[in-house]
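Visitor:
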Amino acid sequence: MTAFIEACGMLTKEAAIYEQLLNELRKLTPSVWCAQCYFTRRDLFVMQNIVDMGYEPLLDPAEFLTQAQMDVLLKSLAIMHAYSITYETRNQVNIGEQLHDVLREMTVTPDVVFYTAGVRAILAVARVHPVYQSETLQKFIAEELPLHMDSVYEMVNPSKKYRNVFCHRDLWGGNFFFNKSKPATEPVVLVDYQLARYSAPAIDVLMAVYMNITPQQRKTMKDWCYDSYYNYFAEELKQQGLTAAEQISRSELEQSLKELELFGALYNCISATILRVPGDYLKDLKLNHPDAFHRYTNVDRVAEVLELLKIDKAFRDYIFECVDEMIRLLLL
152 MTAFIEACGM LTKEAAIYEQ LLNELRKLTP SVWCAQCYFT RRDLFVMQNI VDMGYEPLLD
212 PAEFLTQAQM DVLLKSLAIM HAYSITYETR NQVNIGEQLH DVLREMTVTP DVVFYTAGVR
272 AILAVARVHP VYQSETLQKF IAEELPLHMD SVYEMVNPSK KYRNVFCHRD LWGGNFFFNK
332 SKPATEPVVL VDYQLARYSA PAIDVLMAVY MNITPQQRKT MKDWCYDSYY NYFAEELKQQ
392 GLTAAEQISR SELEQSLKEL ELFGALYNCI SATILRVPGD YLKDLKLNHP DAFHRYTNVD
452 RVAEVLELLK IDKAFRDYIF ECVDEMIRLL LL
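With the sequence shown counted from 1, adding 151 to any position gets you our numbering.
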């Protein structure tokens, strides 16, 4: 993975983001939602110590979040998105143009085998899903589902239809730090901006909602999450003398969330083949079978995922539920 990061220039990208944008956004915001960066060069950046600031990571970065934890995560996203709009308004710039060579896609592209291996694995899971065994649905999975999945490549790019903002785009539990004294009210500190893009804010919101709560939680919390995000977003803009409805109206956000939802659902399914595999499965592969680990992460993982379906009920139940959730978005 380290070699992959270096080959893709992710550290160079993140250093440039801190130097050219995040430090400037921090100057505008009274809230703490990202760390200060003190020094950057092409292959290195020196950060503020988040733990010394009174923040702590999740004990298990793969654990699902509570409603209170989701609230402060969405608050951080709303702050970051709102102040990227404030930054553009005050400086009469477009972040996407200003950082065009920096905010490039690093993962959701047919050129990245880590992602395409995940796509193939999810198609394989869909083919054996017990709910989708009819001839009609198998035909849909074979002929139409891959085309729907391909549409996600365009979804993550700067939108031609909706207002774009600076997006984090790597919103899993390993990248959040919670305030120790006020974990339910203070925004989380977001770290690791290597995958950041300039895109519709719905992309970040959907990633947060799909990656960090279970399908069952989403059934009861999804609309609440969307409302919570927009209320924070509107309040942050109001404090800067801007009107949310003039930047991104609630109806525009709701429409974009529906149109781009496949991104969140698919990315969550793919991530499940990494984050939700049983126990120390990947750790054991990495330590004891490095060639098999490389194959699983960067070549092909279909056979291994199908085998895990047979031997681990928790993994099977979870990924079947997520794949069902994704396919229903397309069929309903």
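For every residue, glycine included, the Cβ atom is placed at its ideal position computed from N, Cα and C.
Predicted model only: the values in this text are computed from it and were never measured.
In terms of alpha-carbon separation, which member of H299, A167, A229, W184 lies closest to R192?
Guide: A167
Visitor: With DSSP run on the structure shown, which of helix, strand or coil describes C185?
Guide: coil
Visitor: According to DSSP, is E214 part of a helix, a strand, or is it coil?
Guide: coil
Visitor: Skipping 5 residues on each side, what residues in its chain have a beta carbon closer than 7 Å to that of N419?
Guide: Y361, M362, C473
Visitor: Only counting the same chain, and skipping five residues up and downstream in sequence, which positions put a Cβ closer than 7 Å to that of L483?
Guide: none
Visitor: For M477, which option in P366, T258, Y381, E248 has the closest C-alpha, if you only look at C-alpha atoms?
Guide: Distances from the alpha-carbon of M477 to those of P366, T258, Y381, E248 put P366 closest.
Visitor: Within this structure, are the beta carbons of D321 and L346 separated by less than 9 Å?
Guide: yes
Visitor: Please determine if the region 335 to 355 and the region 175 to 186 are in contact, where contact requires at least 3 C-beta pairs separated by less than 8 Å.
Guide: yes
Visitor: Report the rounded CA-to-CA distance for K464 versus P281, giving the unit in angstroms.
Guide: Roughly 14 Å between the two C-alpha positions.
Visitor: One question on the structure: do L457 and F444 come within less than 9 Å of each other, judged by their Cβ atoms?
Guide: no
Visitor: Which word fits F384, buried or exposed, when buried means at least 16 other C-beta atoms lie within 10 angstroms of its C-beta?
Guide: Buried: at least 16 other Cβ atoms inside 10 Å.
Visitor: With the cut-off set at 9 Å, would you say M231 and I364 are in Cβ contact?
Guide: no
Visitor: Answer yes if the region 302 to 314 comes into contact with the region 284 to 292, meaning at least three C-beta pairs across the two stretches below 8 Å, and no otherwise.
Guide: Too few Cβ pairs lie closer than 8 Å, so no.
Visitor: Give a yes or no on whether the C-beta atoms belonging to Y344 and L209 are separated by under 9 Å.
Guide: In terms of Cβ geometry, Y344 and L209 do not form a close pair [threshold 9 Å].
Visitor: Which one or two residues does DSSP pair with F198 in a beta bridge?
Guide: According to the sequence as given, residue 198 is Met; it is not Phe. Bridge partners of M198: C188.
Visitor: Would you be able to state if there are at least three C-beta pairs under 8 Å between the region 252 to 268 and the region 438 to 454?
Guide: yes
Visitor: Compute the beta-carbon to beta-carbon distance between F329 and E207, rounded to the nearest angstrom, for a pair I have assumed lies under 8 Å.
Guide: The C-beta separation of F329 from E207 comes to about 6 Å, placing the pair in contact by the 8 Å criterion.
Visitor: Candidates V197, F196, A213, E455: which alpha carbon is nearest G324's?
Guide: Distances from the CA of G324 to each of V197, F196, A213, E455 were compared; the closest alpha carbon is that of A213.
Visitor: Quick check: the Cα distance between Y469 and K461, rounded to an integer number of angstroms?
Guide: 13 Å
Visitor: Compute the beta-carbon to beta-carbon distance between S400 and F317, rounded to the nearest angstrom, for a pair I have assumed lies under 8 Å.
Guide: Rounded, the Cβ-Cβ distance is 19 Å, inconsistent with contact.
Visitor: What does DSSP give as the partner residues of E412 in its beta bridges?
Guide: According to DSSP, residue pairing for E412 in a beta bridge does not occur.
Visitor: Mind the definition here: the region 402 to 415 touches the region 241 to 252 only if three or more C-beta pairs lie below 8 Å; say whether that holds.
Guide: no
Visitor: In chain order, what residues of the same chain lie with their CB nearer than 6 Å to the CB of R467, ignoring the 5 residues before and after it?
Guide: L460
Visitor: Taking E305 as the reference, give the member of R177, T394, L433, R348 with the closest Cα.
Guide: R348
Visitor: Have a look at V356 and T258 and give me their C-alpha separation to the nearest angstrom.
Guide: 18 Å
Visitor: Measure the alpha-carbon distance for P429 versus A423 and round it to whole angstroms.
Guide: 10 Å
Visitor: Within the continuous alpha helix (DSSP H) that includes V279, where are the two ends?
Guide: 264 to 279
Visitor: Using the rule of at least 16 other Cβ atoms within 10 Å of the residue's Cβ for burial, across every protein chain shown, is H440 buried or exposed?
Guide: Exposed.
Visitor: Please list the segments of the alpha helix (DSSP H) lying wholly inside the region 279 to 312, counting only runs of 4 or more residues, in order along the chain.
Guide: Whole alpha helix (DSSP H) segments, 4+ residues: 286 to 290, 296 to 301, 303 to 306.
Visitor: Do you know offhand how far C188's Cα is from V253's?
Guide: 17 Å
Visitor: Identify whether Y344 lies in helix, strand or coil by the three-state DSSP scheme.
Guide: coil
Visitor: Going by DSSP, what residue range makes up the alpha helix (DSSP H) through P366?
Guide: 366 to 390
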